[in-house]
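*Asks:* Counting from 1 along the sequence shown, just add 130 to a position and that's the residue number in the numbering used here. The beta-carbon is built from N, C-alpha and C at its ideal position, and this holds for glycine as well. In this text, all values refer to a predicted model and were calculated from it rather than measured experimentally. Quick one: the structure is below, questions incoming.
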Amino acid sequence: MSEAARSDAVATEKHGSAGEVFAAFLKLGVMSFGGPIAHLGYYREELVIRRRWLDEATFADLVALCQFLPGPASSQVGFSLGVLRGGGLLGGLAAWFAFTMPSAIVMFAFAELAGHFTGTLAQGFLHGLKLVAVAVVSQAIWGMSKSLTPDRPRGAIALAALAVVVLFGGSLAQIGAIVLGAVAGLWLCRGEAAPASGQLSFPVTRAASIIALLLFAALLLLTPLVAAASGSHSLAVFDAFYRSGALVFGGGHVVLPLLQAEVVSPGWVSNEAFLAGYGLAQAVPGPLFTFAAYLGAVMNVPPDGIEGAAIALVALLLPGMLLVYGMLPFWDSFRTRPAAQAAMRGTNAAVVGILGAALYNPVWTAAVLNPRDFALALFGFLLLVVWKWPSWAVVALLACAGTLFSFL
């Protein structure tokens, strides 16, 4: 094969179709248990290691970008990967829909069945899934640390980021760790330019990104005014969930207090129903933000049911998608500059540290309660790293083990 033909083949391999994106993320949507940090591990294993859609550095850059923005970071990373692989907005929507809908459908079904998912069997099943998260996050840190912290300066940045998040906690500490990583990278990580494989162009125009950012701001500022003037409860629900998604950093569990204030305080959802749905949300794969589908379905006032679920789900996830779509082309040009590449080396190392902190809290502290839990989590980690088991098989094995041990 000639050099030109080989180059064309490589270029073709970097692009796919919306159908390919949909199939890949549908698989992830039905197997990605464990919350947003674990989702990044599943993404890395499936799309970076197995399918080779992008390299490790570019994946970590995307994670760092989405950590800066409000909204569900794992969903934003998935949406961005869909835009990159699928050739634009259609690919991003395919990734978002395929990754979100499986858990949203299950949560909607749980809205009718929540009262029945209790007892020893349910608790054991949930605990097994938490142990899966320990194994998956550990695997992600193991793999990412080898490529993103290969020297002492970047190792030190990762440790510093871990210390910041552990000592101060919360989403602001994560953002601060990313910022400190970027500053430290400018000082400690200057060197040769990043390899060409990391310089990927997102098919998003500046005009489209500006429209997305303007729409984000308009919906945030105008929806409450229109809802108050019209008296529409549907708009009030949209506004409550959109505001929660637009103003929360860290995603996942961080949004729950905001949602509780928005739907429990006005009496739209009872506190008992809210807590029951939150417990059930731990048992489903995909983004925790699909908890919104449950809340919309169980509301005491219309819109409820399928209409309420759709409004709440779209409203909570939409701001994060608009923000990341609006930022992609600016990030793409920014990261090609030498100073920006040094900063991104530092932020990539900081991401490893943040993942390490998350492995301890909330992943480890919520799952590993005794020596038996530690043994199961270690077994799952070894199955993933040493024996190269697929993630779905480890999910099934540990969920069954958790259920079995709950009776012992």
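Assign P283 to one of three DSSP states: helix, strand, or coil.
*Replies:* P283: helix per DSSP, three-state reduction.
*Asks:* Output needed for S221: all residues of its chain with C-beta closer than 7 Å, excluding positions within five of it in sequence on either side, in chain order.
*Replies:* With the sequence shown as reference, residue 221 is identified as Gly, and Ser is not the correct amino acid for it. Counting only Cβ-Cβ distances below 7 Å, and skipping sequence neighbours, we find A148, V151, G212, V213, R215.
*Asks:* Can you give the Cα-Cα distance for L514 and L345, rounded to whole angstroms?
*Replies:* If you take the alpha carbons of L514 and L345, they lie about 42 Å apart.
*Asks:* Do the CB positions of V264 and G171 come within less than 8 Å of each other?
*Replies:* Taking 8 Å as the Cβ cut-off, V264 and G171 do not qualify as a contacting pair.
*Asks:* Does the beta-carbon distance from L365 to T353 come in below 8 Å?
*Replies:* In contact: L365 and T353 (Cβ atoms closer than 8 Å).
*Asks:* Quick one, which of A376, K276, A370, L418 has its alpha-carbon nearest A391's?
*Replies:* The option with the nearest alpha carbon to A391 is A370.
*Asks:* I'd like to know if the stretch 268-277 and the stretch 420-440 are in contact, where contact means that at least 3 CB-CB pairs between them fall below 8 Å.
*Replies:* At 8 Å Cβ cutoff, the stretches do not touch.
*Asks:* Can you name, in chain order, every residue of its own chain whose Cβ lies under 7 Å from the Cβ of G416, other than the five neighbours on each side?
*Replies:* Excluding sequence neighbours, G416 sits near G159, S162, F229, T230, P232, S233.
*Asks:* Which same chain residues, not among the five before or five after G476, have their C-beta less than 6 Å away from its C-beta?
*Replies:* I287, G311, A312, A314, G315, C319.
*Asks:* In angstroms, rounded to a whole number, what distance separates the CA positions of A357 and H145?
*Replies:* So the alpha carbons of these two residues sit roughly 42 Å apart.
*Asks:* Roughly how many whole angstroms lie between the Cα atoms of V524 and L405?
*Replies:* If you take the alpha carbons of V524 and L405, they lie about 28 Å apart.
*Asks:* Can you give me the start and stop residues for the alpha helix (DSSP H) that L259 sits inside?
*Replies:* Per DSSP, L259 belongs to the alpha helix (DSSP H) from 250-278.
*Asks:* What is the DSSP secondary structure of D369, reduced to helix, strand or coil?
*Replies:* Reduced to three states, the DSSP call for D369 is helix.
*Asks:* Taking only the alpha-carbon atoms, compute the straight-line gap between L558 and N491 and give it to the nearest angstrom.
*Replies:* This structure gives no information on residue 558, because the portion of the chain shown stretches from 131 to 538.
*Asks:* Is there contact here, the stretch 183-196 with the stretch 451-465, by at least three beta-carbon pairs under 8 Å?
*Replies:* Segments in contact, yes.
*Asks:* Using beta-carbon positions only, say whether G450 and P283 come within less than 8 Å of one another.
*Replies:* No.
*Asks:* Can you tell me whether DSSP reads M429 as helix, strand or coil?
*Replies:* Coil at M429, not helix or strand.
*Asks:* How far does the alpha helix (DSSP H) with R467 in it extend, from its first residue to its last?
*Replies:* Looking at the DSSP string, R467 is not in any alpha helix (DSSP H), and its letter there is neither H nor E.
*Asks:* Unbroken alpha helix (DSSP H) runs of length 4 or more, entirely within the stretch 175-213: which are they?
*Replies:* Fully enclosed alpha helix (DSSP H) runs of 4 or longer: 186-198.
*Asks:* Between A411 and G285, what straight-line distance do the alpha-carbon atoms span, to the nearest angstrom?
*Replies:* Between A411 and G285, the C-alpha separation is close to 35 Å.
*Asks:* Under 8 Å between the Cβ atoms of S331 and Y455?
*Replies:* No, Cβ-Cβ distance for S331 and Y455 is not below 8 Å.
*Asks:* At what residues does the alpha helix (DSSP H) containing P232 begin and finish?
*Replies:* Counting along the chain, the alpha helix (DSSP H) containing P232 begins and ends at 219-243.
*Asks:* Expressed to the nearest angstrom, what Euclidean distance is found between the alpha-carbon atoms of G208 and E186?
*Replies:* The straight-line gap from Cα to Cα measures roughly 15 Å.
*Asks:* Can you tell me whether L433 is buried or exposed? The criterion is at least 16 other CB atoms within 10 Å of its CB, across all chains shown.
*Replies:* Residue 433 is actually Pro in this sequence, not Leu. Buried, because 16 or more other Cβ atoms sit within 10 Å of the Cβ of P433.
*Asks:* Please identify the residue among R180, M237, I167 whose C-alpha is closest to the C-alpha of S205.
*Replies:* Ranking R180, M237, I167 by Cα distance to S205 puts I167 first.
*Asks:* Report buried or exposed for P501, applying the criterion of at least 16 other Cβ atoms within 10 angstroms of its Cβ.
*Replies:* The residue is exposed, with fewer than 16 neighbouring Cβ atoms inside 10 Å.
*Asks:* On the CB-based measure, 16 or more other CB atoms within 10 Å of its CB, does N478 come out buried or exposed?
*Replies:* N478 is buried by the Cβ-count criterion.
*Asks:* I need the straight-line Cα distance from K157 to F504, nearest angstrom please.
*Replies:* For K157 and F504, the distance between alpha carbons rounds to 28 Å.
*Asks:* What number of angstroms, rounded off, separates the C-alpha of S327 from the C-alpha of Q253?
*Replies:* Unreliable placement is indicated for S327, whose pLDDT of 42 sits below 50; the coordinate value is still reported in the next sentence. The straight-line gap from Cα to Cα measures roughly 45 Å.
*Asks:* Could you pull the start and end residues of the alpha helix (DSSP H) that P520 belongs to?
*Replies:* Run containing P520: none; DSSP gives neither H nor E here.
*Asks:* Could you say which of S268, A241, L184, L256 lies nearest to A487 if we only look at CA atoms?
*Replies:* Per the Cα distances, S268.
*Asks:* Between S277 and the rest of its own chain, which residues show a CB-CB distance below 6 Å, the 5 nearest in sequence each way excluded?
*Replies:* Result list for S277: E186, in chain order.
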